[in-house]
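Structure record follows, encoded as structure tokens.
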Amino acid sequence: MSNAKDNINRVQDIVQQKVSIALENERKELIRLRADNQRLQERVGITDNSNKTLNEEKKQLLDKIHGLNEDLAFYSRNVDARDTMKRIDILRAEKDSKDKKITELLHDINELSLKVEDFIAENRALRQMANVPDNYGIKLD
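Residue numbers (this note's numbering): 2 to 142.
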């Protein structure tokens, strides 16, 4: 009888050790996932800030183009046609330069938007793996 109790106690000790090891491994994984999640949230914040900055630059450039178009309209009404034509050429060159910059900025915005989508998807997967509820933390949608 004592032998059976000893065997049961040994089995219980082995089970308890394995459960403790498994729990500790899960705790470590959860800590790692939380750290990964925090880094991803920081990256999303940085990307959002970059996106906002690019949008502001785009708006400024569009405003400048509008002003240049107004200048062009003013100078086209000018009596001196030669000066007007020179000014038109200069304004067209500036407009082309600004259009190119806008295209580059739009490309940057699209790239950043794709990165943000990737971060959100990765974050969602990490949250699922860590069993973090959807309503916990900041809203990403």
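Each residue gets a CB set at the ideal place from its N, CA and C atoms; glycine is no exception.
Which whole runs of the alpha helix (DSSP H) in the stretch 70–141 are 4 residues long or more, in chain order?
Runs of the alpha helix (DSSP H) inside the stretch 70–141: 82–130.
What's the call for residue 4, buried or exposed, on a 16-neighbour Cβ count within 10 Å?
Exposed is the call here.
Measure the CB-CB distance between residue 41 and residue 132 and report whether it falls below 7 Å.
Not a contact, by the Cβ cut-off of 7 Å.
Take the Cβ of residue 20 as the centre, count every other Cβ of all protein chains shown within 10 Å, and call the residue buried at 16 or more, exposed below.
So residue 20 counts as exposed.
With the cut-off set at 7 Å, would you say residue 119 and residue 55 are in Cβ contact?
The answer is no: Cβ separation not under 7 Å.
Confirm, please, whether the CB-CB distance from residue 127 to residue 52 is below 7 Å.
No, Cβ-Cβ distance for residue 52 and residue 127 is not below 7 Å.
Tell me which same chain residues have a C-beta within less than 7 Å of the C-beta of residue 62, skipping the five on either side of it?
Closer than 7 Å at the Cβ level, and outside the excluded window around residue 62, lie 99, 102 and 103.
Please classify residue 45 as buried or exposed, where buried requires at least 16 other C-beta atoms within 10 Å of its C-beta.
Burial call: buried.
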